[in-house]
Amino acid sequence: MAYPTRTIALLCELIHPAIAPDPRPIQRLHNEMFEGGQPAYAGYQVSPIGPVLSNPMATPGAVSQVAFLADRIQFREEKGTLTHEAFATRVREIAERAAPLRGFSTLSAQQVVLQSLVNPRTQTDTRAFLKDRVFGFGDELQTLGRSSQLVGLRLGFSPEPGDDSAFGLRIESFSADPRSLYIEVHGTFGPSSPESGLEALEHNVLKTYDFLAGRVLPFISSFDRREGGRNGSPEGD
Numbered sequence: 000m001a002y003p004t005r006t007i008a009l010l011c012e013l014i015h016p017a018i019a020p021d022p023r024p025i026q027r028l029h030n031e032m033f034e035g036g037q038p039a040y041a042g043y044q045v046s047p048i049g050p051v052l053s054n055p056m057a058t059p060g061a062v063s064q065v066a067f068l069a070d071r072i073q074f075r076e077e078k079g080t081l082t083h084e085a086f087a088t089r090v091r092e093i094a095e096r097a098a099p100l101r102g103f104s105t106l107s108a109q110q111v112v113l114q115s116l117v118n119p120r121t122q123t124d125t126r127a128f129l130k131d132r133v134f135g136f137g138d139e140l141q142t143l144g145r146s147s148q149l150v151g152l153r154l155g156f157s158p159e160p161g162d163d164s165a166f167g168l169r170i171e172s173f174s175a176d177p178r179s180l181y182i183e184v185h186g187t188f189g190p191s192s193p194e195s196g197l198e199a200l201e202h203n204v205l206k207t208y209d210f211l212a213g214r215v216l217p218f219i220s221s222f223d224r225r226e227g228g229r230n231g232s233p234e235g236d
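Residue numbers (numbering that gives the first Met the number 0): 0 to 236.
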């Protein structure tokens with residue numbers, strides 16, 4: 000069953016050896032992007048944690064920025080409209096530009112976090128969906144003596160032979176809207192080198208999204224069925 004996902008956050012950290020803070024290389028990067036036309040970020044500022052490139056956002060609480068910290072480049076897109084494909088391309092392009100300017104020759108790790116919301120088709124309260132359909136809890140929860148307002152699970156997937164990526168998964172009811180399931184996928188990837196190319200950075204963001212769309216959503220779908228019907232069919236046809 001296909002679920003329309005609503006991505007609420009795209010996050011990525013590129014870890015590198017610690018370097019002395021210097022805002023001048025990032026200011027040059029900002030100037031180069033403007034000279035090239037259609038810059039990825041409109042604003043430049045120096046914050047207590049390091050230089051930051053950002054975009055103005057109309058939605059309250061929304062964030063679009065990349066921060067250049069002492070030991071990492073940190074991308075944040077929250078409550079915005081950027082697609083995961085565009086975000087993946089942005090991560091690669093900014094890293095390719097920043098590496099020679101900041102003078103680091105290796106990235107020791109990449110961390111990608113995707114946060115999305117989906118609505119089950121056969122249950123309007125995701126707390127009940129998780130308790131009854133996914134976990135199959137009966138009266139056992141009454142032993143705890145309190146009514147749970149949040150229900151969820153957390154899973155970890157280690158690297159496998161030939162694949163050094165690892166994934167963490169959270170699926171929870173969403174406190175702001177009980178109809179929605181909150182899904183968070185955390186992908187961790189190994190080192191890469193600017194000298195040999197950083198295409199893997201883009202691929203890793205896409206791979207994290209593919210894990211969500213190709214693995215997590217089918218897992219949810221396997222529980223999202225009515226008695227006597229196929230997955231997600233409200234009429235059982």
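Yeah, the Cβ is synthetic: ideal placement off N, Cα and C, and Gly gets one too.
- Query: Taking C-alpha atoms, which residue in Glu194, Tyr40, Asp176 and Phe128 lies nearest to Glu76?
  - Reply: Position 77 of the sequence shown, counted from the start, is the residue given in the question as residue 76. Across the set Glu194, Tyr40, Asp176 and Phe128, the C-alpha of Tyr40 shows the shortest separation from the C-alpha of Glu76.
- Same chain only: Cβ atoms within 7 Å of Thr142, ignoring 5 sequence neighbours per side: Looking up residue 142 in the sequence shown gives position 143. Nothing listed; no residue qualifies.
- DSSP puts Glu183 in a beta bridge; with which residues? Taking the first residue of the sequence shown as position 1, residue 183 is located at position 184. Glu183 is bridged by DSSP to Gln114 and Arg169.
- Contact between the region 51-65 and the region 164-183: three or more CB pairs below 8 Å? The region 51-65 makes no contact with the region 164-183, as fewer than three CB pairs between them are under 8 Å.
- Identify, in the order they occur along the chain, each residue of the same chain with its Cβ nearer than 7 Å to the Cβ of Leu9, setting aside the five sequence neighbours on each side. By 1-based counting over the sequence shown, the position of residue 9 is 10. Only Glu76, Leu81, His83, Phe86 and Leu113 meet the Cβ criterion.
- Query: Nearest-angstrom Cα distance between Glu70 and Arg145?
  - Reply: Within the sequence shown, residue 70 is the residue found at index 71, counting from 1. Within the sequence shown, residue 145 is the residue found at index 146, counting from 1. Note that residue 70 is Asp in the sequence shown, not Glu. Between the C-alpha atoms of Asp70 and Arg145 there is a straight-line separation of about 43 Å.
- Task: To the nearest angstrom, report how far apart Glu139 and Lys130 are at their CA atoms.
- Result: Here residue 139 refers to the residue found at position 140 when the sequence shown is read from its first residue. Here residue 130 refers to the residue found at position 131 when the sequence shown is read from its first residue. The C-alpha of Glu139 lies about 10 Å from the C-alpha of Lys130.
- Between the C-alpha atoms of Leu197 and Ile182, what's the straight-line distance to the nearest angstrom? As a position in the sequence shown, residue 197 is number 198, starting the count at 1. As a position in the sequence shown, residue 182 is number 183, starting the count at 1. One C-alpha to the other measures close to 28 Å.
- Message: For a test of the three-state rule: what should DSSP assign to Ile7, helix, strand or coil?
- Response: Reading the sequence shown from its first residue, position 8 is the one you call residue 7. For Ile7, the three-state secondary structure derived from DSSP is strand.
- Reference Gly189; option with closest CA among Leu180, Asn203, Asp176 and Pro177: One-based indexing of the sequence shown puts residue 189 at position 190. Taking each of Leu180, Asn203, Asp176 and Pro177 in turn and checking the Cα distance to Gly189, the smallest one comes out for Asn203.
- Can you tell me whether Phe166 is buried or exposed, with buried defined as 16 or more other CB within 10 angstroms of its CB? For this step, residue 166 is matched to residue 167 along the sequence shown. Phe166 comes out buried.
- Report all residues from its chain with a CB closer than 6 Å to the CB of Pro233; omit the five preceding and five following residues, and keep chain order. Indexing the sequence shown from 1 puts residue 233 at position 234. Any reading at Pro233 must be qualified, since the residue scores a pLDDT of 39, below 50, and its modelled position is unreliable; the value itself is stated next. If the five residues before and after Pro233 are omitted, its C-beta is found closer than 6 Å to no C-beta atom of its own chain.
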